[in-house]
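Heads up: the sequence shown runs through residues 1 to 134, numbered per full-length UniProt numbering. Each residue gets a CB set at the ideal place from its N, CA and C atoms; glycine is no exception. Reading through the C-alpha cells given below for one structure.
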Amino acid sequence: MGKKQKSEQSATSMTDVEWVIMNVVWEQEPCAAGTVQEALAESHGWAYSTVKTTMDRMVTKGLLTRKVIRNLNLFSSAISPDKAKRGELKRLLRRAFNGALTPMLQFLVEEEELTPDEIQQLRELIKQAGRKSE
C-alpha cells in the first residue's frame with residue numbers, strides 16, 4: 001500500500017455527464033438548468049430535460065444545491081473542484097494502482113511526453129515534498 005493518505009473525505013463519484021455539467025456550474029454558479037443547457041448546446045446538443053433531470057439527480061447525490069426563487073431553480077455546487085478532483089484521483093489510485101502512488105506516477109511519466117518545463121516542475125514538487133517530510 002501507499003503512504004498514509006490525507007483526509008479520507010472523498011466526494012461522491014461523478015459520471016462523465018455530471019463532470020461536464022459540474023464544470024459549467026463551477027464557472028457560472030448560481031445558474032439555472034437552462035443556462036447550463038445553453039452553455040452545452042453546441043458541444044453536446046443535450047435537451048433541456050436531459051440537463052434538468054441530471055441536475056436534479058446531482059442534488060440528490062449531494063453534488064449540487066438548489067435554491068428556488070419563485071418558479072426559478074438556481075443550482076450551485078455543493079463540492080469544490082478540488083474536492084471533486086481529489087475524490088476522482090483517490091478512486092483511480094485505489095482501482096488501478098491498488099492505492100500505491102509511486103507506480104501511478106511512474107506510469108504517467110512513462111506514458112506522457114513531458115516537456116522540460118514539466119520535468120522541472122515535477123522536480124520542484126518532489127523537492128518541496130521532501131522538505132515537508134523532514
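Give the straight-line distance between the Cα atoms of residue i and residue j, rounded to the nearest whole angstrom.
i	j	result
Asn73	Lys90	32 Å
Thr60	Ala78	11 Å
Glu88	Leu114	23 Å
Glu18	Val24	10 Å
Glu118	Glu124	10 Å
Lys3	Pro81	Note that Lys3 scores a pLDDT of 44, beneath 50, so its modelled location is shaky and nothing firm can be said.
Glu110	Pro116	14 Å
Ala96	Ala84	18 Å
Arg57	Arg94	26 Å
Ala41	Trp26	17 Å
Gln128	Glu112	23 Å
Starting from residue i, follow the alpha helix (DSSP H) in both directions and report where the run begins and ends.
i	result
Thr54	Tyr48 to Thr60
Ser43	Ala33 to His44
residue 155	There is no way to answer for residue 155, as the model of the chain reaches only from 1 to 134.
Met22	Asp16 to Gln28
What residue range does the beta strand (DSSP E) around residue i cover?
i	result
Arg94	No beta strand (DSSP E) holds Arg94; the alpha helix (DSSP H) holding it covers Pro81 to Phe97.
Asn73	Leu72 to Ser77
Thr12	Where Thr12 is concerned, there is no enclosing beta strand (DSSP E), given that its DSSP letter is neither H nor E.
Leu64	Leu64 to Ile69
Anyone know if the C-beta pair for residue i and residue j falls short of 7 Å?
i	j	result
Leu63	Phe75	no
Val51	Val36	yes
**Study point:** Contact between the segment 95–105 and the segment 30–42 (3+ Cβ pairs under 8 Å)
**Key:** Of all C-beta pairs linking the segment 95–105 to the segment 30–42, fewer than three are shorter than 8 Å, placing the two stretches out of contact.
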